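Residues 26 to 377 (this note's numbering) make up the sequence shown, in order.
Since the structure comes first, as structure tokens, the remarks are kept for the end.
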Amino acid sequence: MADLPTHTIVFEILTRLPAKDVGRSKSVCKQWYALLSTQDFVKIHCSRSVVSSNQRVLLIDDLTCSVRPIISNNNDYGPSSTVTFPFHHQNNDVSILSHLNGLLCVCLNHIYELLLWNPTTTAFKRLSTPDSHGFYINNLDAIGLYVDADDDYKVLHIKRRSGVLGVYVYSREVDSWRNIPFITRQEYLSPHFNWSAGTFCGGTLYFTVCECWIGGTNVVICFDVNSEQFKEISFPPVPSNGMVQGVLVNVKNVLHMFASTGMFEMTIDLWTLQGDYWIKVLSCPLIPPISLSLWCDITHYVTNGNWFVMTKLGKLFTIEMDMKPFECFYPVSWFRGFKGAVFVQTIVSPSI
Numbered sequence: 026m027a028d029l030p031t032h033t034i035v036f037e038i039l040t041r042l043p044a045k046d047v048g049r050s051k052s053v054c055k056q057w058y059a060l061l062s063t064q065d066f067v068k069i070h071c072s073r074s075v076v077s078s079n080q081r082v083l084l085i086d087d088l089t090c091s092v093r094p095i096i097s098n099n100n101d102y103g104p105s106s107t108v109t110f111p112f113h114h115q116n117n118d119v120s121i122l123s124h125l126n127g128l129l130c131v132c133l134n135h136i137y138e139l140l141l142w143n144p145t146t147t148a149f150k151r152l153s154t155p156d157s158h159g160f161y162i163n164n165l166d167a168i169g170l171y172v173d174a175d176d177d178y179k180v181l182h183i184k185r186r187s188g189v190l191g192v193y194v195y196s197r198e199v200d201s202w203r204n205i206p207f208i209t210r211q212e213y214l215s216p217h218f219n220w221s222a223g224t225f226c227g228g229t230l231y232f233t234v235c236e237c238w239i240g241g242t243n244v245v246i247c248f249d250v251n252s253e254q255f256k257e258i259s260f261p262p263v264p265s266n267g268m269v270q271g272v273l274v275n276v277k278n279v280l281h282m283f284a285s286t287g288m289f290e291m292t293i294d295l296w297t298l299q300g301d302y303w304i305k306v307l308s309c310p311l312i313p314p315i316s317l318s319l320w321c322d323i324t325h326y327v328t329n330g331n332w333f334v335m336t337k338l339g340k341l342f343t344i345e346m347d348m349k350p351f352e353c354f355y356p357v358s359w360f361r362g363f364k365g366a367v368f369v370q371t372i373v374s375p376s377i
């Protein structure tokens, strides 16, 4: 250690600090401010922040926005702290569309405007433009947040307007939108299909595309973020004699899906993607009837060998899994459950 340069030692120590402590450390001196503002520092700090103990649950209701830790010994929500939105809103009418490395892509529903927001640092960036980019319509559009091979954070926006589909990519690096081609089946343009938010895993954004009625078509659309090419893969072979809900989740850079089916009673299977095919990992016991409102608010957690089915009200079920425990877990809300998200506390900025 004595042979290491002081700069290297300081860098190694500071990259292990909690995000809020990094923000306070910027005021120590000009040298530290410059060091902590570099993209290299932000990238390494982010990689070391992606641990389950550093995750927080953000919950929005009609009156408050709160952040809660996840208690490690029982994996339930801890005491909440109130968060003040740094942007103008109306009655907390804010939808969380996607999240990645501490950044949230949100929509201000009263004006349809998209923003990138880091709730830890409170920094945000408006994505709307005078030429109508960056405006989101619920139940018609889909959003995916990702980072490409050049470490540029980007937003993929799939827009359906009167039978016309447009696909646009926002780049944080150049602060602009551009159109990209998308060839897909014509029927997916119909409002009868629901598109999930994109889940980023292994250089690809994945979307579930599900027909609204019982027995309808369900597929997964894949977007390679570096080649910017789309392709379609099959949905896991789950029964289609009831409601079907596919929740995608990135666990240690391997894509998983919680596939829920049923009407009055619900079954949930956990699948993992190998190549272009789904392999069933496990099935949970039959879950007793729950209200439709909770169906639309389910979030899944996987950690320490247990699988937790939760809502914003708390834990619904705990399912023990006979598999290797995960050191870190990435829960995802169903795409109609926009009022919550689990995020990692980082210093990643929504703008350059």
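Backbone N, C-alpha and C fix where the C-beta goes; we use that ideal spot for every residue, glycine too.
Keep in mind that this is a model prediction, so the values were computed, not measured.
Check	Outcome
Bridge partners for Thr297 per DSSP, in chain order?	His281 and Ile304
Determine the direct distance from the alpha carbon of Gly287 to that of Gly240, and round the result to whole angstroms.	11 Å
Give me the Cα-Cα distance between Trp135 and Asn117, rounded to the nearest whole angstrom.	For the sequence presented, residue 135 should be read as His rather than Trp. Roughly 10 Å between the two C-alpha positions.
Quick check on the burial criterion: 16 or more other C-beta atoms within 10 angstroms. Buried or exposed for Asn79?	buried
On the three-state DSSP scale, how would you describe Cys247?	strand
Applying the criterion that 16 or more other CB atoms from any shown protein chain within 10 Å of the CB defines a buried residue, is Ile293 buried or exposed?	buried
For Cys90 versus Phe110, is the C-beta distance shorter than 8 Å?	yes
Secondary structure at Trp57, three-state DSSP: helix, strand or coil?	helix
Does the distance from the CB of Cys226 to the CB of Gly271 come in under 8 Å?	no
On the criterion of 16 or more Cβ atoms from any shown chain inside 10 Å, does Pro104 qualify as buried, or is it exposed?	exposed
Round the Cβ separation of Trp202 and Val194 to the nearest angstrom and send it over; I've been treating them as touching at under 8 Å.	7 Å
If we define contact as Cβ-Cβ less than 8 Å, is Leu84 a contact residue for chain D?	No chain D is part of this structure, which consists of one protein chain only.
Given 8 Å as the limit, is there contact between the segment 208-217 and the segment 178-190, that is, 3 or more CB pairs closer than that?	yes
For Ser285, which residues of its own chain have a beta-carbon under 6 Å away from its beta-carbon, when the five flanking residues on both sides are left out?	Gln270, Met291 and Ile293
Tell me where the alpha helix (DSSP H) around His70 begins and ends.	Gln64 to Ser74
Is Asp176 closer than 8 Å to Leu64 when the C-beta atoms are compared?	Here the sequence assigns Gln to residue 64, which means Leu is not the residue at that position. Yes, these two residues count as a Cβ contact at 8 Å.
According to DSSP, is Glu379 part of a helix, a strand, or is it coil?	Residue 379 lies beyond the range of the chain shown here (26 to 377); nothing can be said about it.
With a threshold of 7 Å (Cβ to nearest heavy atom), would Ile38 be considered close to the ligand NAD?	Within the structure as shown, the ligand NAD is missing, as the structure has no ligands at all.
Measuring alpha carbon to alpha carbon, tell me which residue in Glu37, Pro94 and Trp57 is nearest Phe368.	Pro94
Measuring only the C-alpha atoms, how far is Ser123 from Thr242?	24 Å
For Ile377 and Ser52, I'd like the C-alpha separation in whole angstroms.	20 Å
In whole angstroms, what separates the C-alpha of Pro43 from that of Val35?	15 Å
In three-state terms, what does DSSP make of Asn204?	strand
Starting from Gly48, trace the beta strand (DSSP E) both ways and give me its first and last residue.	It is not in any beta strand (DSSP E) - Gly48 instead sits in the alpha helix (DSSP H) that spans Ala44 to Ser50.
Determine the direct distance from the alpha carbon of Asn219 to that of Arg185, and round the result to whole angstroms.	11 Å
At which residues does the beta strand (DSSP E) containing Val131 begin and terminate?	Leu128 to Leu133
Counting only runs of 3+ residues fully inside the segment 163-200, write out the beta strand (DSSP E) ranges in chain order.	167-172, 178-186 and 189-196
Return the CA-CA distance between Lys55 and Arg49, expressed in angstroms with no decimal places.	13 Å
For Pro356, count neighbouring Cβ atoms within 10 angstroms of its own Cβ and tell me buried if that reaches 16, exposed if not.	Confidence at Pro356 is low in this model, with a pLDDT of 42, below 50, so the placement of that residue should be treated as unreliable; the coordinate-derived value is given next. Looking at its Cβ environment, which holds 16 or more other Cβ atoms inside 10 Å, Pro356 is buried.
Under the three-state reduction of DSSP, which class applies to Gln211: helix, strand or coil?	helix
Is it buried or exposed, Pro350, if we count other Cβ atoms within 10 angstroms and call 16 or more buried?	With a pLDDT of only 45 at Pro350, under the threshold of 50, the placement of this residue in the model should not be trusted; the figure read from the coordinates follows. Exposed, by the Cβ-count rule.
From Lys179, Thr40 and Asn204, pick the residue whose C-alpha is nearest to that of Ile69; which is it?	Thr40
Looking at Ile246 and Phe255, is the spacing between their C-beta atoms short of 8 Å?	yes
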